[in-house]
Amino acid sequence: MTDLVQLTSDNGIALITINNPPVNALSPGVPEGISEALDKIAQDDSVKATVLIGGGRTFVAGADIKEFGKMTSGKSRGAGLLPLLMKIEDSAKPVIVAVHGTAFGGGMELAMAGHYRVAVASAQFGQPEVKLGLIPGAAGTQRLPRLAGVAKAVEMCVSGNPVNAEEALRFGIVDRIINGDLLAGAVAFAREVAGKPAPKTRERIERLGSATENALIFSVARETAAKKQRGLLAPARAIDAVEAATNMPFEEGCKAEQKLFIECLFSDQSKSLIHVFFSEREVAKIPDIPKETKTISVRSAAVVGAGTMGGGIAMVFANAGIPVLLKEADQAALDRGLATIQSNYANSVKRGRFSQQIAEERLKRITPTLTYGDFPNVDLVIEAVFEGMALKKEVFKDLDRVCRPGAILASNTSTLSIDEIASTTSRPESVIGTHFFSPANVMRLLEIVRGKSSSKEVVVTCLQLAKTLGKVGVLVGNCRGFVGNRMFGPYRREAQFLVEEGAGAEAVDQALADFGMAMGPLATGDLAGLDVGWRIRKEYRHLEVPGIRQPFVEDRLCELGRYGQKTGAGWYKYDDQRRAASDPAVGEFVRKWVEEAGVVQRQISAAEITDRCLYALVNEGARILEEGFALRASDIDIIYINGYGFPAHRGGPMWHADTVGLKRVYDRICEFHRQHGEIWQPAPLLKQLAEQGRTFAEIGREQGATA
Ligand code: NAI
Numbered sequence: 073m074t075d076l077v078q079l080t081s082d083n084g085i086a087l088i089t090i091n092n093p094p095v096n097a098l099s100p101g102v103p104e105g106i107s108e109a110l111d112k113i114a115q116d117d118s119v120k121a122t123v124l125i126g127g128g129r130t131f132v133a134g135a136d137i138k139e140f141g142k143m144t145s146g147k148s149r150g151a152g153l154l155p156l157l158m159k160i161e162d163s164a165k166p167v168i169v170a171v172h173g174t175a176f177g178g179g180m181e182l183a184m185a186g187h188y189r190v191a192v193a194s195a196q197f198g199q200p201e202v203k204l205g206l207i208p209g210a211a212g213t214q215r216l217p218r219l220a221g222v223a224k225a226v227e228m229c230v231s232g233n234p235v236n237a238e239e240a241l242r243f244g245i246v247d248r249i250i251n252g253d254l255l256a257g258a259v260a261f262a263r264e265v266a267g268k269p270a271p272k273t274r275e276r277i278e279r280l281g282s283a284t285e286n287a288l289i290f291s292v293a294r295e296t297a298a299k300k301q302r303g304l305l306a307p308a309r310a311i312d313a314v315e316a317a318t319n320m321p322f323e324e325g326c327k328a329e330q331k332l333f334i335e336c337l338f339s340d341q342s343k344s345l346i347h348v349f350f351s352e353r354e355v356a357k358i359p360d361i362p363k364e365t366k367t368i369s370v371r372s373a374a375v376v377g378a379g380t381m382g383g384g385i386a387m388v389f390a391n392a393g394i395p396v397l398l399k400e401a402d403q404a405a406l407d408r409g410l411a412t413i414q415s416n417y418a419n420s421v422k423r424g425r426f427s428q429q430i431a432e433e434r435l436k437r438i439t440p441t442l443t444y445g446d447f448p449n450v451d452l453v454i455e456a457v458f459e460g461m462a463l464k465k466e467v468f469k470d471l472d473r474v475c476r477p478g479a480i481l482a483s484n485t486s487t488l489s490i491d492e493i494a495s496t497t498s499r500p501e502s503v504i505g506t507h508f509f510s511p512a513n514v515m516r517l518l519e520i521v522r523g524k525s526s527s528k529e530v531v532v533t534c535l536q537l538a539k540t541l542g543k544v545g546v547l548v549g550n551c552r553g554f555v556g557n558r559m560f561g562p563y564r565r566e567a568q569f570l571v572e573e574g575a576g577a578e579a580v581d582q583a584l585a586d587f588g589m590a591m592g593p594l595a596t597g598d599l600a601g602l603d604v605g606w607r608i609r610k611e612y613r614h615l616e617v618p619g620i621r622q623p624f625v626e627d628r629l630c631e632l633g634r635y636g637q638k639t640g641a642g643w644y645k646y647d648d649q650r651r652a653a654s655d656p657a658v659g660e661f662v663r664k665w666v667e668e669a670g671v672v673q674r675q676i677s678a679a680e681i682t683d684r685c686l687y688a689l690v691n692e693g694a695r696i697l698e699e700g701f702a703l704r705a706s707d708i709d710i711i712y713i714n715g716y717g718f719p720a721h722r723g724g725p726m727w728h729a730d731t732v733g734l735k736r737v738y739d740r741i742c743e744f745h746r747q748h749g750e751i752w753q754p755a756p757l758l759k760q761l762a763e764q765g766r767t768f769a770e771i772g773r774e775q776g777a778t779a
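Below you can see the structure in the form of structure tokens.
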């Protein structure tokens, strides 16, 4: 027996315990251990039934995700779990699976092979494979419909969302909920069923439904998946696999599932989603910061400025249970800010996201104020006043004066230098950027901007705080636009150029939406407000290099008062519900302006649109990496997926470039360079990797940049 699995017995009931901390993943050694235990049990006449349980805090929370990568790279392709599950089900003595924590993925499949399942009330069951672009690969799609019915099986395998024990009981996944000690309850259950014939899940057909009922379930599921999980392979394949359970004998259904599983496993989508899974865990690893670095405890916070961002950030703290002061410059602005927060909470209650009571508790954690009076008591302050260096410096001087030593002083600036802001304080080591994305209470991304003096404690605290706040914090360096917005500039520049060169605004947005972006770049501009970029461009016009092409159409739209959604018109026109419709006037304006500027319009393909916009991201991303403003290419991917609506199943812009092949991306960028000039100068790092036949992912693993 491996040390991952133990066999003991309790007066005629054998007990198999899986002990593979932290989550009892089905790593190599675990299935073998269970199998050996079953052999011993079969030979032991004193044993009448078996309880299979997880040691520690959970049953089996899933497969070992690293194994998937080994399978696709040809390093491991064992028999998988299927033979073990058959062996459990064929065992002459009943096997009772006892579940606490989570039975997810392979863990759920393992549980379903048992003859009975008992669970504590807090247990959860699920087939989340679809979230990694996969489908269950150990008969989950075959056994689940036999236990829970076809509709529930489809729902669980397609959404990947878990059910709790009570729902699992209702749907026949669980046979009994154990109140009190799980093991004792499971052993008692085992004594009740010992000696009786053990029902095999795979032989149960009573819940498999009729062909007519099922046809409807499958067609509705396919339609919904096509709409809600647009472009994704795994949900469609999960439906195919459950369908196989309804029209094939079990063994053939398993073969069909295997084929579909392999198709998903080797797909770029699954590889990308697995990359995202690991990259999200990697972001918190900062090469020059030792693991044992102390953190600063953040029990209370303050936000300066109750505008769009400040109000949202205060909600983020309140939602996470951290009391927060919200300071404004005058009463009217404070009232406006609070009214927005209240209406946001009221909307969430109306939509059923949480109860009125929870909304009130959250609201109570936000203390409005017009003074710095209570600031000496807080552990962290986030400044979110208007974007202007002079004002920010004034605020930081005040904070330096009133806050206690050691308190973290953070700025939500989106463009200004953290070092310059820090320089106005007597404690630059306590100053850092925390760049939230709008709406701050919704968007998951938090760019943490490390200034040249930010202390390691402050950096680590902010990374940890991001988690507490339900965000994914990515450490970036202090450059203009930091990482996300710095890349977004060239991306949106190309979108505008494409319109000037003859592509319709709708065609540009559609091409990128078809690629999988949550929203096209021009519609995104309308949402954020075209005037934001216009103001910045006006302010920085003196920095523009003469002779370098600049987009001009958005500035012209702004001159017409078309700022986007907030003025009812931008690239599109909007009704009072902010629903977009195309506006033929825009096309006409553009044609006129372009003619005046002497630009010749032409037909532009969807492929050119996506290549130009996406490779503009990649080229800038490569520069950022090379300059050390991001630690890893995968950090950039996480930024784009969580802050900019980049499709996770493409893995992020840098991973996408790796998938296309850097040589191809580089060649295309060289082509754009020849056609469009200097702005397309290929990033040296991209050139180097393309010539060496390497990838961004590779350098991410070996280089520790200095972000
Ligand atoms: P906003 O204009 O909505 O709000 C700024 C608020 O600060 C106003 O309510 C103003 O009354 C208040 N304020 C000004 N001086 C103050 C003082 N001395 N004390 C207290 N309050 C004061 O601006 P928004 O959009 O919320 O931006 C705030 C910061 O967040 C800026 O630095 C901006 O660049 C950054 N940011 C904005 C994003 C956005 O999408 N709007 C996204 C990410 C960052």
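Per this note's numbering, the sequence shown starts with residue 73, numbered consecutively. Backbone N, C-alpha and C fix where the C-beta goes; we use that ideal spot for every residue, glycine too.
1) Is DSSP giving Gly126 helix, strand or coil here?
2) Residues bridged to Glu519 by DSSP?
3) Cutting at 6 Å between CB atoms, please list the residues of its own chain near Ala777, excluding the five before and the five after it.
4) Whole angstroms is fine: what's the gap from Leu280's alpha carbon to Leu216's?
5) Inspect the beta-carbon positions of Leu570 and Lys543 and report whether they are closer than 8 Å.
6) Just the C-alpha distance for Val222 and Asn286, rounded to the nearest angstrom, thanks.
7) Based on DSSP bridge pairs, tell me the residues matched to Val396.
8) Return helix, strand or coil for Phe176, following the three-state DSSP convention.
9) Would you decide whether Leu98 is buried or exposed? Buried here means 16 or more other CB atoms lie within 10 Å of its CB.
10) Can you tell me the Cα-Cα spacing of Asn319 and Ser291, whole angstroms?
11) Measure the alpha-carbon distance for Val246 versus Gly186 and round it to whole angstroms.
12) Go ahead and label Ser483 buried or exposed: buried means 16 or more other beta carbons lie within 10 angstroms of its beta carbon, across all protein chains shown.
13) If I follow the unbroken alpha helix (DSSP H) through Gln579, where does it start and stop?
14) I'd like to check one pair, Ala211 with Leu154: are the Cβ atoms closer than 8 Å?
15) So, with DSSP's three-state summary, where would you put Lys120?
16) Under 8 Å by Cβ, that's how I've got Leu599 and Leu629 pegged, so tell me the actual separation to the nearest angstrom.
17) Using beta-carbon positions only, say whether Lys299 and Glu161 come within less than 8 Å of one another.
18) Quick check on Gln428: buried or exposed, where buried means 16 or more other Cβ atoms within 10 Å of its Cβ?
19) How would you call Lys399, buried or exposed, if buried means at least 16 neighbouring beta carbons within 10 angstroms?
20) With hydrogens ignored, establish whether the beta-carbon of Phe468 is closer than 7 Å to any heavy atom of the ligand NAI.
21) So the candidates are Arg218, Val190, Ala183 and Phe349; which of them puts its Cα closest to the Cα of Ile141?
22) When the Cβ atoms of the region 167-176 are set against those of the region 186-199, are three or more pairs found closer than 8 Å?
23) Where do the N-terminal and C-terminal ends of the beta strand (DSSP E) with Gly101 fall, by residue?
24) Per DSSP, what kind of secondary structure is Asp82 in: helix, strand or coil?
25) Measure the Cβ-Cβ separation of Val167 and Thr122 and say whether it is below 8 Å.
26) Looking at Arg674 and Gly574, is the spacing between their C-beta atoms short of 8 Å?
27) Given a threshold of 16 other Cβ atoms within 10 Å of its Cβ, counted over all protein chains shown, does Arg423 qualify as buried or as exposed?
28) Please state whether DSSP places Thr89 in a helix, a strand or coil.
29) Restricting to Cα atoms, I'd like to know which of Ala641, Leu87 and Lys759 is closest to Val259.
30) Distance, Cα to Cα, Ala769 vs Pro307?
31) Would you say Thr130 and Asn96 are within 8 Å of each other, going by their C-beta atoms?
32) Just to confirm the assignment, what range does the beta strand (DSSP E) spanning Gly198 have?
33) Look at the alpha carbon of Ala779 and the alpha carbon of Lys165, and state the distance between them as a whole number of angstroms.
34) For the beta strand (DSSP E) containing Leu452, list its first residue and its last residue.
35) Determine, using beta carbons only, whether His721 and Gly592 come nearer to each other than 8 Å.
36) Taking the alpha carbon of Gln568 as the point to measure from, which residue in Glu692, Val548, Gln622 and Phe338 has its own alpha carbon closest?
Reading off the structure:
1) strand
2) His507 and Val546
3) Bear in mind that the predicted position of Ala777 carries a pLDDT of just 42, short of 50, making it unreliable; the figure below should be weighed with that in mind. Correct list, in chain order: Gly700 and Leu703.
4) 10 Å
5) no
6) 7 Å
7) Ala373 and Ile438
8) strand
9) buried
10) 15 Å
11) 11 Å
12) buried
13) Per the sequence presented here, residue 579 reads as Ala, with Gln not at that position. Residues Ala577 to Phe587.
14) yes
15) coil
16) Incorrect: roughly 14 Å between the Cβ atoms, too far for contact.
17) no
18) exposed
19) buried
20) no
21) With the sequence shown as reference, residue 141 is identified as Gly, and Ile is not the correct amino acid for it. Comparing Cα-Cα distances from Gly141 to each of Arg218, Val190, Ala183 and Phe349, the minimum goes to Phe349.
22) yes
23) First-last for Gly101: undefined, no H or E at that position.
24) strand
25) yes
26) yes
27) exposed
28) strand
29) Leu87
30) 27 Å
31) yes
32) Gln196 to Gly198
33) Note that Ala779 scores 44 on pLDDT, short of 50, meaning its location in the model is unreliable; the coordinates nonetheless yield the value given after this. Going from the Cα of Ala779 to the Cα of Lys165 covers about 59 Å.
34) Leu452 to Glu455
35) no
36) Gln622
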